[in-house]
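**Q** With full-length UniProt numbering, letter number 179 in the sequence shown gets 179, and the count goes up by one each step, no holes.
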Amino acid sequence: MATLADVARVAGVSSATVSYVLNGTRKVRPETERAVRAAVEEVGYIQNTLARSLATARTLSIGVAISSASNPFFTEILQGIEAEAVDRGYSLLVADPRDDPDHELRVVSHLHQRRIDGIVLAPSPDPSRTMRYLADHDVPTVLADRVLPGDYDQVSTDNTESTAALVDHLAELGHRRIGFVAGLAGLSTTDERLAGYREGLRRNDIEADPDLCREGSSESESARRAASELLTGPSPATAIIAANNAMTIGAMRAVRDLSLRVPEDVALVAFDDFPWADLFTPRLTAIAQPSREVGAEALRLLLDKLDDPGRDPVEVRLESRFVHRDSCGCRTTA
Numbered sequence: 001m002a003t004l005a006d007v008a009r010v011a012g013v014s015s016a017t018v019s020y021v022l023n024g025t026r027k028v029r030p031e032t033e034r035a036v037r038a039a040v041e042e043v044g045y046i047q048n049t050l051a052r053s054l055a056t057a058r059t060l061s062i063g064v065a066i067s068s069a070s071n072p073f074f075t076e077i078l079q080g081i082e083a084e085a086v087d088r089g090y091s092l093l094v095a096d097p098r099d100d101p102d103h104e105l106r107v108v109s110h111l112h113q114r115r116i117d118g119i120v121l122a123p124s125p126d127p128s129r130t131m132r133y134l135a136d137h138d139v140p141t142v143l144a145d146r147v148l149p150g151d152y153d154q155v156s157t158d159n160t161e162s163t164a165a166l167v168d169h170l171a172e173l174g175h176r177r178i179g180f181v182a183g184l185a186g187l188s189t190t191d192e193r194l195a196g197y198r199e200g201l202r203r204n205d206i207e208a209d210p211d212l213c214r215e216g217s218s219e220s221e222s223a224r225r226a227a228s229e230l231l232t233g234p235s236p237a238t239a240i241i242a243a244n245n246a247m248t249i250g251a252m253r254a255v256r257d258l259s260l261r262v263p264e265d266v267a268l269v270a271f272d273d274f275p276w277a278d279l280f281t282p283r284l285t286a287i288a289q290p291s292r293e294v295g296a297e298a299l300r301l302l303l304d305k306l307d308d309p310g311r312d313p314v315e316v317r318l319e320s321r322f323v324h325r326d327s328c329g330c331r332t333t334a
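Below is the structure:
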């Protein structure tokens with residue numbers, strides 16, 4: 001059976017350096033970490049997790065509380081967390097708070113009782129009791145996707161400017177009646193994307209019309225109803241922005257139910273790309289978020305917090321990407 005010394009010999013480093021890398025107890029140069037992990041694979045070294053846990057006084061388990069786990073966006077965040085956790089020798093305990101503050105508090109307390117070392121949380125619309133519980137019990141916490149005011153470690157994407165860019169594009173195509181299907185009230189992502197929508201209207205000299213902004217509650221059926229209202233009023237929208245991928249599906253259903261065509265009758269663009277977006281006809285123009293990197297960065301922040309509990313909180317904003325396809329009314333070849 002391969003030993004720590006075997007890994008050190010193949011990597012050309014000391015056994016202490018190998019321990020730093022595998023246990024995450026001290027930062028090393030990236031090239032050194034790559035050499036150690038390559039040596040682990042080469043010699044087939046299997047770390048003794050129990051011994052490591054006893055040595056570090058940690059359980060080597062991380063709690064993850066993310067709502068709507070069936071949503072592809074959150075699924076990819078979870079995949080990013082898991083990949084980084086496995087690479088660092090941690091296991092995950094996963095729970096779905098269902099965007100319900102009461103249930104959120106229950107699942108977070110249950111995770112804490114399983115003696116997790118820390119938690120990655122996508123907070124509900126009213127997470128005050130949950131955040132108080134985590135603070136009272138001194139549970140290291142990182143917020144993913146949804147941010148909160150205050151001194152928290154958190155990682156998310158640029159919601160405001162990305163949404164404004166969707167409005168810019170539709171305005172450039174001549175649209176003045178641009179509808180918006182907003183997410184669940186109380187979420188930072190909803191507030192920021194709504195702010196981006198309004199900013200896009202402002203800088204394109206389009207007067208904001210309250211009738212063109214409807215709540216889709218971040219789920220498909222509510223979004224279908226909201227989009228139907230946008231498309232059947234006395235002065236209907238000629239373009240719609242759906243503020244997440246689940247609501248995009250609902251908006252598409254509304255267009256189908258009304259026997260309308262995209263983009264001939266209404267342009268449709270979305271915040272949140274998803275793997276099959278380019279299989280629709282027409283293909284969906286969307287903002288693509290670096291969802292896996294959100295998860296991986298959240299886990300990295302959490303492990304950094306475990307190594308240095310006294311460090312200042314860190315907020316990370318990752319850039320999103322405008323994916324230009326056909327549903328906006330443009331003809332593209334990509």
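Idealized CB from N, CA, C, for every residue including glycine.
Is residue 50 helix, strand or coil by DSSP?
**A** Here the model assigns residue 50 a pLDDT of 45, short of 50, so the residue's position is not dependable, and the following value carries that caveat. Residue state, collapsed to three classes: helix.
**Q** Residue 198 and residue 182 look like a contact to me (Cβ under 8 Å); what is the Cβ gap, rounded to whole Å?
**A** Actually they are not in contact, since the Cβ atoms of residue 198 and residue 182 sit about 11 Å apart, beyond 8 Å.
**Q** Count the other CB atoms, across all protein chains shown, that sit within 10 Å of the CB of residue 119; report buried if there are 16 or more and exposed otherwise.
**A** buried
**Q** Just curious, the alpha helix (DSSP H) that residue 113 is in, first and last residue?
**A** 101-113
**Q** According to the neighbour-count rule (16 or more other Cβ atoms, all chains shown, within 10 Å of its Cβ), is residue 309 buried or exposed?
**A** exposed
**Q** I need the DSSP call for residue 124, collapsed to helix, strand or coil.
**A** coil
**Q** Just the Cα atoms here: how many angstroms apart are residue 55 and residue 94?
**A** Annotation note: pLDDT 48 at residue 55 (below 50); position unreliable, coordinate value reported separately. Residue 55 and residue 94: Cα-Cα distance of roughly 25 Å.
**Q** Whole beta strand (DSSP E) runs in the segment 122-207 with 3 or more residues, listed along the chain?
**A** 141-144, 153-157 and 178-182
**Q** Less than 6 Å between C-beta atoms, sequence neighbours within five positions excluded: which residues of the same chain meet that for residue 253?
**A** 224
**Q** What is the DSSP secondary structure of residue 61, counted as helix, strand or coil?
**A** strand
**Q** Can the beta-carbon of residue 144 be found closer than 7 Å to that of residue 108?
**A** no
**Q** Who are the Cβ neighbours of residue 194 in its own chain at under 6 Å, not counting the five residues just before and after it?
**A** 182
**Q** Using the beta-carbon count (16 or more within 10 Å), is residue 329 buried or exposed?
**A** Residue 329 is buried by the Cβ-count criterion.
**Q** Taking the continuous beta strand (DSSP E) assigned at residue 285, which residues delimit it?
**A** 285-288
**Q** Just curious, the alpha helix (DSSP H) that residue 235 is in, first and last residue?
**A** Run containing residue 235: none; DSSP gives neither H nor E here.
**Q** When the Cα atoms are used, what is the spatial distance from residue 105 to residue 44?
**A** 41 Å
**Q** Of the choices 99, 35 and 90, whose alpha-carbon is the least far from that of residue 219?
**A** 99
**Q** Along the beta strand (DSSP E) that carries residue 258, what are the first and last residues, could you check?
**A** Neither: residue 258 is in no beta strand (DSSP E) and is coded neither H nor E.
**Q** Would you call the segment 164-176 and the segment 128-142 touching, i.e. three or more CB-CB distances under 8 Å?
**A** Segments in contact, no.
**Q** Is DSSP giving residue 317 helix, strand or coil here?
**A** strand
**Q** Using 10 angstroms around the beta-carbon of residue 80, count the other beta-carbons present and answer buried if the total reaches 16, otherwise exposed.
**A** buried
**Q** Considering only residues of the same chain and omitting the five flanking positions on each side of residue 297, which have a CB-CB separation below 6 Å?
**A** 155 and 316
**Q** If distances are taken between C-alpha atoms only, which option among 301, 291, 185 and 111 comes closest to residue 137?
**A** The shortest Cα separation from residue 137 among 301, 291, 185 and 111 belongs to 111.
**Q** Tell me whether the beta-carbon of residue 142 lies closer than 7 Å to the beta-carbon of residue 153.
**A** yes
**Q** Kindly give me the distance between the Cβ atoms of residue 269 and residue 286, rounded to whole angstroms, as I take these residues to be in contact under 8 Å.
**A** 6 Å
**Q** Alpha helix (DSSP H) containing residue 410: first to last residue?
**A** Residue 410 cannot be examined here, being either before or after the span of the chain that is shown, 1 to 334.
**Q** Need the endpoints of the alpha helix (DSSP H) that residue 74 sits in, please.
**A** 72-87
**Q** Of all the options 283, 203, 33 and 293, which has the alpha carbon lying nearest to the alpha carbon of residue 75?
**A** 293
**Q** Between which two residues does the beta strand (DSSP E) holding residue 214 run?
**A** 213-215
**Q** Using C-beta distances below 6 Å, list every residue in its chain close to residue 12, excluding the 5 sequence neighbours before and after it, in chain order.
**A** none
**Q** Can you say whether residue 147 is buried or exposed, counting buried as having 16 or more other CB atoms within 10 angstroms of its CB?
**A** buried
**Q** Would you list the one or two residues that DSSP bridges to residue 94?
**A** 64
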